[in-house]
Every structure is written in structure tokens, then in C-alpha cells.
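Let me begin by presenting the structure, written as C-alpha cells, before commenting on it.
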Amino acid sequence: MTSYITNTATGQTQMGSQPKPGERLLQSAGYTHLYQIGSAADLPSLGSSPTVGTISDYLFTKTGKTGTTDEDVSDLIDTKDPTKLAYLGVQQLLAGRIPDNIEMIGNLLSSLGKPIDDRKMLLEDVVGWLATTGRSRHHGPNSFVNGVQGQFINLLWGDLSHPPTVTLAPEHRYRSADGSYNNLTGFPMLGAAKQPYARSVKPLHAHAPDVAEPEDFFDAILRRKPGPHGFKAHPAGISSLLFAFANLIIHDLFWTNNQPDPDSPMDNKPNDDHAKQDQTQKKPAANDPPKKRGRSKQWQNLTSSYLSLDPLYGVDQTEQDRVRDYSEGNLGRGLLYPDTFASSRLLLMPSASCALLVLFCRNHNRVAKKVLELNEQKRWNPNPSEIRTTEERKKQDDEVFGTARLVNCNYFVQMILHDYLQSILGSVQADSDWSLDPRTQIKTLLGSTPKAVGNSVSIEFNILYRWHSCLSMRQTQWLEEKMSKGLPSRKWDDLNEGAFMRAMESLMKELNAGAGTDPRNWKLSKYEVTPATVGGAETVEQGTYERDPATGKFRDEDIARILRDATYDVAGAFGAQHTPAVLRWIDCQGMRTARDVWRACTLNEFREYLGLKAFESFKEWNSDETIIWLVTNANIPLHAGLHGEESKAPRLGAGLCPGYTISRAILSDAVALVRGDRFYTDSATADALTDWGLNDCQPDPRDGSYGGMLQRLIINNLPNQYACNDVALLFPFMVPKTIYQILTDISPQKALKYSLNLQPYAPIGFKTVQVSPDRKLICKISGEASSIYEPFFSNSY
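Counting from 305, one number per residue, gives the positions in the sequence shown under this note's numbering.
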């Protein structure tokens, strides 16, 4: 093959041989051709000189200032066929029809990456060119013209979805209770609850017979040293509230079925999850028959693979019905019972996650009431008691409920894309409201990027999201207190299934949330820490947050206290030797499942799947020489590898500071989860969400939080609990002192528009007084009197 390499800086062209007639070199804005295909015999003649030999197909690749080399060319070649109209522009050059079609060529090149301006008659010019150039000259097929025609057809084909991702079937208008029918292109159960986990990476490594046990990995690589000196605060000042929100995401997507499979063969071998038996229980007598159990169903995910707030709404219709308000006075309004949520799993964790669920429950009811009141399409009766039959009221209830859930879930995903990813990427440091939004329409020279195709979470990401090292000191103390109910000695190495279950049963009983209980009666765990004062000691108040017997709701002040405490509580750092010892048994069970049940890949195999460089030595993985190596090569098991990897240092683009592999993977996962969900892409319409609903869940970059949505959720559902310019409200995923310093670094004048309190507080409330279009007075209510909390606050940031 004859190659031509052009240096765009010097204009010199290097060539293996002289170009043949019919070959031309295209160089425009730093683009040069790469390699050749076809035969010039298919081309029309160039004036009086017939075309002979081979021709070049100019695929565009941008060159640097110093040009490209033959090696660079081979690396940059895209083996896919060129598509779209740019292909035609290159063929025009080869066909010698310039300057005849110079205007069409200019329009073709100017349309790259942009919507086509149909007023320039570009498609008509292409059709005319095909008609003119395609005249029969060889009494047979013209492969050159056919090739261009194929690209033209490819363009037209790519304009539409094949098959369509959305239908008008009423039953597909709203999210189903179990997540089914998110994908309407032939896989309705893709990602639904109770479906198998996916496998992302094909494991090819050999399983060594003498590999270390999970307990050995935990103690050598993951275990946090005891006492306050073993705790490392998050280097970027991320607050515990971010990880409470992450808990919602994780429990929305993953719920492994740990029950035995009744359809599997029975055997006498204990399940891996029960390998350590409770030594306090009575041992079976010698003549007792051995207990048989089926093999584990840990291949099954009990929740859906979509960001659909399943912890709030439930994973199936049975769970959903437990929190929906079907009472006589409310049937037809699409409401949830006040301050309820379907999943009791999050009660077993620090209460900030449940406090967020309470806000989402309130937000659902706020939205349901508003869309019914507005009744934009005039298809509902705002007074359901006037509806004649129970069936019609139930139908309206389902429609209002489904609409409110769509809006509420859009709040959720907006928080993920703005508040959550904003903190993960540290984009506030750039004084920017930019956010990574995977929902946009993406069309390139190589076609459009698919969306609304569904999703199925994988075992690899189940392992990845075990962020136990990030528990704060306060959260660790709370967890140790609860676990001690099952293991009073607090010797966490002795914790086993029996002790763990006793501790969890004790906590669920304390919160009135045992099996079969009514979510309307659940309580929230209280662990309020009052910082030490001069000459005093830190105090801790434990117990539960109670509901108002009349309304069934928690006090606004209690929910605000939980959220505020989590905002001021700095999270733990990612990385090796930082997982609390109290979680040793839980982590080891996860490692054992990954190894023996899922047969998960190694860390290097996962990195190669993500397109990252495989580690060639332990020091590339983690340069800390205090970590004990337990494997003989770089094929580190995935769990220990991900969570023991060296963490990133804080900087713009790296606000979360996890291990390098986790950092890359969570962005890929966020894009897949959001872009693959049709309710966030093709079905996210004003028709489905209503005009008001679609507008209500849109971020406002001028609100002082760079487009954050969590502050709006708080303001709408916890009125008068925060000052509206409080950094703890506007940036709740970062410790207030840290975010205030970032704002000061951006501009001291900007920082003066925010308020900062060095410690959390529990005021009675706030009142905002608008004194002019661009100024507010923020008053703190204290007893019967009010005092000025901030002299003024400007709406503009």
C-alpha cells in the first residue's frame, strides 16, 4: 500500500512512492488521509487522464503539530466503514468533481458533528450527484457509487430507532412495580427484579488451590487500625451525607438473594454464607440427621437494575401496596402513606439514608397533589370522591401515582448527575455548573450512541460498591454499639452469622420494624453527638425518633437534625487498611461469595475490560510498603484489589478520591444506568411527566448551588429548617468548612454571599423576608423573638 504522511506544521509530505493518477491528498484543518481501499477503475475519468491503479479512502484523523508516523497511522485507523455524508465529500475529491461541486463539499465538511441545515439543499445535492455519477458506464455494478449510496442509506437509517424504544401502550407509560418493560425492544424482563445478575468480565485466570482466605485478605489489606488514630478523614472533605445518598443508589440496584435455592440439588455441605456456625447454639447430637440445604441463589438480584427509587416504592407490587395510601378519602390521589418507605434494609444503617427516603416520600406526595390540582390534560377528577366506581378511582390513583413517581425519580437522577457527580468530580473548584449528562442526543460520523436499551447490573459492580472504608468515626461507633447487642464482648474477629443476626433482630425490634410490621409504624435510629465544650466532654444521645401519632409523620426538626449532622460529619477515606473491624465478617462473606459462587474476575481482568492498563507489579497497585502481599502475582482478587488500591489525591476532576479503578468504573456505570433507562431518555416527556412536573425537576444553575437539586428537595419538604444561603443546605455532600474554603478560593466576594456555621445547630427555624428583587433578609427564629441571622443575601451568584 502506498502511504502519504503530511506534516501539518511544515507542509512537507513524505511518501513511499509517487502518487498515481486519481489519488489526491486532502489536508484541511489538520486532517490527513490514512489508508487506501478500492480500485480507480470504478471512478469516472479525470479529464483527459484515465485513472489507473489504486486509490485512497481518506478517513479523517487529526494530526499533531509534528505530523504523524506510519506507526501512528496504524494505531489511529478505525476499522469501521466510514459513514455519514463526509464520506461523500472525500469521494468527490477522488472523482475529480471539484470545483464543480465545491459548494456541496463545503457544506458537507461544515456539517460534521452538527445538525444538517436542510435549507442548504445538501441532501438534494447528494441525490443529484448520485444520479449524475451513477450513470451506467461499465454495463455493470459501479462499486464506487454503490459505496457512497450505502453511506447515504446508512445516514437515513440512523435517523430513526430500530426498533422503536417507546410505544403508546398505556401499560408502558409508567414504571412497573418490578422494573419490567423498561426495555421495549424485545427484552421486557431485562433488569427486572428477581432476575439474574449479569457478568461483565469473562474470568480467564486459573484458580489457585492455595489462595489466601478472605479473613487473611481483610486483616492484611483492608482492616482499619483500632482507635481514633486508625481513622483517616476524607482528603477532599466529603461528608457522610454523600455516602448516605450512595446507599440509596446501591440498595436501589443490588439485593442479593442469600436464601437457598429450593430447585437446586440438596447436599450436606454448608452454604458459603454459613461457613462459620454460631458457637453459642446447641450442637446437633451425634444421631441427629445432618441438615440439608439447597445451593445458594446468590446469582439472583431481588431488586431492579434501574435508578427507580425501589427502596421507597418497593421491588414488586406487594411491597408497593404496603406504602400506598388506598384509604377511602385518598384513593384516586396517588399518595404514599406519610413518611413511609418500602425497604427495611436501610434501617440497619445510619439513619441519614432513611431521612433522605422520608424526603423523597414527602416529595412524591407534594408532586401527586400538584399534578392532580393542575390536571393539565383534564383527564382526572381533582375530587376523587365524585368518581362513581372504585375501579375508576383505582385507575386514576394508578395514573397519578405513576406520574408522581416519574417526577420524583427525575429528582433522584438529577441529584445523581448534579449534586452527586458534582462532588465526585470536584467541579465546584472550577466555579462551573457543568455536569456530566448522559441523556443527550449523540450523533457522530460513526452513527448515534444508543439509549433507552435497558440495563442489567453485574456482579463486578456489586463488588465495587462496597464502600465500607468510608464510614465516619461517628457511624462506626453507632455500628459497634448495635453489633454489641449480638456480640457483647466486641471481639469483632469472633462475629459470625448467629451474632450478626441477633444484633440485627435487636435493632429491628428497637425500630418497630420486624418481619411483617407496618411501614407506617417504623422508627428511625437516633445517635446525636454534641461536641465537647471548653471544660466539658462530648455527649451522645441514643434512642429513636418517633412519629407524631396524629399525622404519622416525623418532626421536621428531627429529619433536619439527621441530615445536618451527616453533612457536618466528615466521611472516611477510601483505600487500604481503612475498613472498620466490625465489618470484617460482612466483608469476608462478600469475598467468599465472589470467589466461590460468582467466580469473579481478578482486578487486572476488570481493568482490561474497562480499557485500563493492567498492573504489572504490586507497587503499581499500591505503593504502601506496609501492606502484606498475599498472592504470588498481580492477579489480585477483585474485592481486595478494588478496595485496597491506592487512592487518588484530591484535585479538579477527582473529588471522591477512591482507588483509580473505582474512579473510572463509577463514571461508566453512571452513564450506562441513566442513558440505558428509557424513563430518563426517550420516555422523559412533558406528556408523561406533565408540563409542570418536567419543569419542576429541572436544575437552576443560578440558585447558588451550581444546579444542585438536593437543596431543592430539602427546601420543598423541610420548610424553614435551613437558612437559604447556608452552605450546609446548598452543598450538603461536602463538609461546610471545606466547601466554604473552596468558595473563598474562587472569590472572597462570592463566599460572602454564603453563611457558614462551624458546628451543626438545631434552631427553631428561619424566615426569609424579600426586601427587594435582589435582596433578602434571613431571620433566625428563636423563641418568640426574631433576630437577623445574615445582614443580607443576594439572589445572584
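Here a beta-carbon is modelled for each residue, glycine too, at the ideal position from N, C-alpha and C.
Bear in mind the structure is a predicted one, so any value in this text is a computation, not a measurement.
- Bridge partners of F983 according to DSSP: none are assigned.
- Here DSSP, grouped into helix, strand and coil, assigns S544 to helix.
- The beta-carbon distance between Q700 and G636, rounded to whole angstroms, is 5 Å. This is short enough to meet the 8 Å contact definition.
- Scanning its chain for C-beta atoms nearer than 7 Å, with the 5 sequence neighbours on each side dropped, one finds around L942 the residues E764, I767, A898, A904, C905, T906, L907, F910, in chain order.
- CA-CA distance, V833 to Q781, rounds to 11 Å.
- Per DSSP, the unbroken beta strand (DSSP E) holding L828 starts and ends at 828-834.
- Straight-line spacing of the CA atoms in D860 and A708 works out to 22 Å.
- The continuous beta strand (DSSP E) containing Y849 extends over residues 843-849.
- Note that the C-beta distance between I720 and A974 is below 8 Å.
- Between R770 and G856, the C-beta gap is not smaller than 8 Å, which leaves the two residues out of contact.
- Remark: fewer than three beta-carbon pairs, one from each stretch, lie closer than 8 Å, so the segment 514-530 and the segment 840-853 are not flagged as touching.
- Under the criterion of beta carbons closer than 8 Å, D991 and T469 do not qualify as touching, at roughly 15 Å.
- Within the model, the alpha-carbon separation for V662 versus G1008 is close to 25 Å.
- In the DSSP annotation of this structure, the continuous segment of the alpha helix (DSSP H) that includes L993 starts and ends at 990-993.
- The C-beta of N712 has 16 or more other C-beta atoms within 10 Å across all chains shown, which makes the residue buried.
- Closest by C-alpha distance to P564, out of W603, H538, T994, I542, is W603.
- Pairing F919 with E912, the inter-Cα distance amounts to about 10 Å.
- Runs of alpha helix (DSSP H) with 4 or more residues, each lying fully within the segment 1013-1049, are found at 1014-1021, 1031-1034, listed in chain order.
- Assignment of R527 by DSSP, reduced to helix, strand and coil, places it in the strand class.
- The continuous alpha helix (DSSP H) containing K923 extends over residues 922-925.
- Residue state for L740 is assigned as coil, using DSSP reduced to three classes.
- Per DSSP, the unbroken alpha helix (DSSP H) holding E861 starts and ends at 860-872.
- CA-to-CA, the gap between I553 and I932 works out to about 33 Å.
- In the structure shown, the three-state DSSP call for N766 is helix.
- With fewer than three CB-CB distances shorter than 8 Å, the segment 671-678 does not count as touching the segment 875-883.
- In this structure, the beta-carbon distance from A807 to K795 does not fall below 8 Å.
- The beta carbon of S543 is closer than 8 Å to those of A870, T871, Y872, D873, V874, A875, P1036, F1037, M1038, V1039 in its chain, skipping five residues each way along the sequence.
- Going by DSSP, G1008 is part of no alpha helix (DSSP H) at all; its letter is neither H nor E.
- For Y715, the enclosing alpha helix (DSSP H) starts and ends at 694-719.
- Nearest Cα to P532 within the set N1020, S776, E428: S776.
- The three-state reading of DSSP puts S504 in coil, since its state is none of H, G, I, E or B.
- Rounded to whole angstroms, the gap between the alpha carbons of W684 and L545 is 38 Å.
- Per the Cβ contact rule, the segment 453-465 is not in contact with the segment 947-961 (fewer than 3 Cβ pairs under 8 Å).
- The beta carbon of G758 is closer than 7 Å to those of N486, N487, F491, L494, G495, G980 in its chain, skipping five residues each way along the sequence.
- DSSP places S480 in the coil class of the three-state scheme, outside both helix and strand.
- When D614, P539, N667 are compared, the shortest CA-CA separation from R955 is found for P539.
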